[in-house]
Amino acid sequence: MPNSPTAIRSDQPRGPVTVPALAARKRRAGAEPIVMLTAYDEPSARIVDAGGVDVVLVGDSVANNVLGYPDTLHVTVDDMVRHTAAVARARPAALVVADMPWMSYHLSVEAAVSNAAALVRAGAGAVKLEGGIARLPVVEALVRAEIPVMGHLGLTPQSVLPMGGYRVQARDPDGARSLLDAAHALCDAGCFALVLEGIPDVVAARVTEELPIPTIGIGAGPHCDGQVLVFHDLLGLGAGPVPKFVRQYARLGEAAAAAVAAFAADVRSGDFPKDAETYHGSAELDQGIGTAASAMAPVRDAPV
Ligand code: KIV
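See the structure below:
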């Protein structure tokens with residue numbers, strides 16, 4: 082039974098995680114919660130996969146976390162293809178899901194399919210896109226083109242301008258009802274899983290209870306079928322305070338800055354490199370190069 086939820090429990094040997102195996106992960110069916118984490122390059126994908134996650138998300142949050150942009154609106158299809166290909170080169174056992182960037186699925190269904198295909202060719206096993214009812218024609222076309230789609234509802238960062246900032250969504254009954262309707266519609270259109278971001282826990286619990294596909298929460302409480310965080314938030318690699326929903330498991334940014342400061346101090350004090358950190362030549366080489374080096378010395382020492 083390769084697709085049964087118990088077939089991919091973390092205490093069993095890991096094979097490649099497939100879309101059907103992931104789609105079968107509803108907690109009420111006795112499956113373990115899904116673990117998803119972002120990665121944007123080969124080294125981070127290797128680390129994330131070694132940690133045993135189920136899904137590596139090549140998020141468009143690469144914009145804020147790696148490329149120095151203030152929001153995700155600046156990321157292009159070319160950016161996402163490059164980062165997806167880098168992640169795929171780590172050959173993770175986890176399913177690689179690539180974010181479709183802003184404007185890559187808004188102009189026409191044909192353009193959306195072509196852009197999603199570029200991400201699949203770069204190594205994605207599925208794509209993720211943000212939004213509700215307005216996205217149904219694109220989701221249906223992608224599914225017809227054999228491209229698995231993960232939906233994304235709630236606080237959708239690509240909607241930062243109309244939302245007027247990054248705000249918790251579906252806080253009133255009308256908002257919650259329209260999110261629930263959109264979740265059902267995306268599921269009916271063929272999404273195999275749904276990210277729920279920045280919504281009250283009760284709304285996420287209701288969506289999770291009603292949908293036959295797994296929900297993966299970020300800032301959506303504990304009742305989803307899985308959880309996702311951003312690599313840089315989890316490891317303390319970002320700048321500034323992290324949002325309320327983040328649990329930081331390390332402070333690698335501080336550790337890295339301390340290591341760099343120690344290196345700078347060692348270079349400036351002459352402590353680095355030591356003899357053991359230096360390649361040595363033969364006596365003949367030392368003699369020959371020593372002559373050349375001493376001939377250069379006056380030039381190096383000349384005042385500028
Ligand atoms: O791009 C991203 O990191 C995401 C997660 C926040 C779900 O979409």
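Heads up: the sequence shown begins at 82 in my numbering, then just goes up one per residue.
Here a beta-carbon is modelled for each residue, glycine too, at the ideal position from N, C-alpha and C.
Quick caveat, the model's predicted, so the values are computed rather than measured.
Local Cβ density within 10 Å of P324, reported as buried at 16 or more and exposed below that: The sequence position of residue 324 within the sequence shown is 243, counting from 1. Classification for P324: exposed.
Closest Cα partner of V147 within the set H313, Y247 and V341: As a position in the sequence shown, residue 147 is number 66, starting the count at 1. Comparing Cα positions, the closest option is H313.
Residue nearest to P229 in terms of C-alpha spacing, selected from M181, L292, G371 and D253: Along the sequence shown, read from residue 1 onward, the residue named residue 229 stands at position 148. Checking every option, the nearest Cα to that of P229 belongs to M181.
Contact set, the ligand KIV heavy atom to C-beta under 7 Å: Those satisfying the condition are, in chain order, T119, L138, G140, D141, S142, T153, D180, K209, H233, P238, V276, E278, I299, V309 and V311.
CB-CB length for G246 against L275, believed under 8 Å: Looking up residue 246 in the sequence shown gives position 165. Looking up residue 275 in the sequence shown gives position 194. Contact doesn't hold; Cβ gap of about 23 Å is too wide.
Spatial neighbours of A203 in its chain, beta-carbon cut-off 6 Å, leaving aside the 5 residues before and after: Along the sequence shown, one-based indexing puts residue 203 at 122. So the qualifying residues of the chain are V162, T165 and A166.
Candidates S363, P151, A222 and I294, of which the one nearest P114 by Cα: Along the sequence shown, one-based indexing puts residue 114 at 33. Residue I294 is the option with its Cα nearest to P114.
Identified DSSP bridge partners for T296: Here residue 296 refers to the residue found at position 215 when the sequence shown is read from its first residue. Paired residues: L275.
Pair within 8 Å by beta-carbon distance, V311 and S125: If you number the sequence shown from 1, residue 311 lands on position 230. If you number the sequence shown from 1, residue 125 lands on position 44. Contact annotation: V311 and S125 have beta-carbon atoms that are not nearer than 8 Å.
Alpha-carbon spacing of A222 relative to V288, whole angstroms: If you number the sequence shown from 1, residue 222 lands on position 141. If you number the sequence shown from 1, residue 288 lands on position 207. Pairing A222 with V288, the inter-Cα distance amounts to about 24 Å.
Proximity winner among G96, L118, A343 and A104, relative to V327 (alpha-carbon distances): As a working note, residue 327 is residue 246 in the sequence shown. Taking only the C-alpha atoms, the option nearest V327 is L118.
Under 8 Å between C-beta atoms of G317 and A338: By 1-based counting over the sequence shown, the position of residue 317 is 236. By 1-based counting over the sequence shown, the position of residue 338 is 257. Between G317 and A338, the C-beta gap is not smaller than 8 Å, which leaves the two residues out of contact.
Exposure label - A207; buried when at least 16 CB within 10 Å: For the purposes of this step, residue 207 is taken as residue 126 along the sequence shown, with counting starting at 1. The residue is buried, with at least 16 neighbouring Cβ atoms inside 10 Å.
Backbone secondary structure at M377 - three-state DSSP: What you label residue 377 is simply residue 296 of the sequence shown in a count that begins at 1. The predicted position of M377 is uncertain, since its pLDDT is 48 and thus under 50; no value can be drawn from it.
Beta-carbon proximity of V158 to A198, cut-off 8 Å: By one-based count along the sequence shown, residue 158 stands at place 77. By one-based count along the sequence shown, residue 198 stands at place 117. Taking 8 Å as the Cβ cut-off, V158 and A198 do not qualify as a contacting pair.
Proximity below 8 Å, CB of K103 to CB of L176: Taking the first residue of the sequence shown as position 1, residue 103 is located at position 22. Taking the first residue of the sequence shown as position 1, residue 176 is located at position 95. According to the sequence provided, residue 103 is Leu. The question's Lys does not apply to it. In this structure, L103 sits near L176, with a CB-CB distance shorter than 8 Å.
CB of A169 within 8 Å of CB of D130, strictly: As a working mapping, residue 169 is identified with position 88 in the sequence shown. As a working mapping, residue 130 is identified with position 49 in the sequence shown. No, Cβ-Cβ distance for A169 and D130 is not below 8 Å.
Span of the beta strand (DSSP E) around H233: For the purposes of this step, residue 233 is taken as the residue at position 152 of the sequence shown. Run containing H233: V230 to G235, per the beta strand (DSSP E) assignment.
V224 beta carbon near the ligand MN (any heavy atom closer than 7 Å): For the structure depicted, the ligand MN is absent and the ligand set comprises only the ligand KIV.
Reference R248; option with closest CA among A120, A263 and G300: Numbered from its first residue, the sequence shown carries residue 248 at position 167. It is G300.
Residue burial classification, G371 (beta-carbon count within 10 angstroms, cutoff 16): On the sequence shown, residue 371 is found 290 positions in, with the first residue counted as 1. By the neighbour-count rule (16 or more Cβ atoms within 10 Å), G371 is not buried but exposed.
Sub-8 Å separation of A205 and A171 beta-carbons: Walking along the sequence shown from the start, residue 205 turns up at place 124. Walking along the sequence shown from the start, residue 171 turns up at place 90. For A205 and A171, no; Cβs fall outside 8 Å.
Same chain, Cβ closer than 6 Å to V116, neighbours up to 5 away in sequence not counted: Residue 116 sits at position 35 when you count from the first residue of the sequence shown. The answer, listed in chain order, is V134 and D135.
CB contact below 8 Å: P182 versus chain C: Of the protein chains in this structure there is only one, and it is not chain C.
T87, DSSP secondary structure in three states: Looking up residue 87 in the sequence shown gives position 6. With a pLDDT of only 39 at T87, under 50, the local geometry of the prediction cannot be trusted, and the value read off the model is given with reservation. Here T87 sits in helix by DSSP.
Neighbourhood of G256 by C-beta distance below 7 Å, restricted to the same chain and skipping five residues each side: Counted from its first residue, the sequence shown places residue 256 at position 175. If you ignore the 5 residues before and after G256, its C-beta comes within less than 7 Å of the C-beta of Q250, all in its own chain and listed in chain order.
Where T153 falls: helix, strand or coil (DSSP): For the purposes of this step, residue 153 is taken as the residue at position 72 of the sequence shown. Helix, per DSSP.
Identity of the residues DSSP links to V136 by a beta bridge: Counting from 1 along the sequence shown, the entry for residue 136 is found at position 55. Answer is M117 and L176.
Collapsed DSSP secondary structure at V309 in the structure displayed: Position 228 of the sequence shown, counted from the start, is the residue given in the question as residue 309. It is a strand residue.
Chain-order list of residues whose beta-carbon lies under 7 Å from that of T296 (same chain, five-residue window excluded): Position 215 of the sequence shown, counting from 1, holds the residue named residue 296. Closer than 7 Å at Cβ, skipping near neighbours: L275, L277, A285, V288, T289, C305 and D306.
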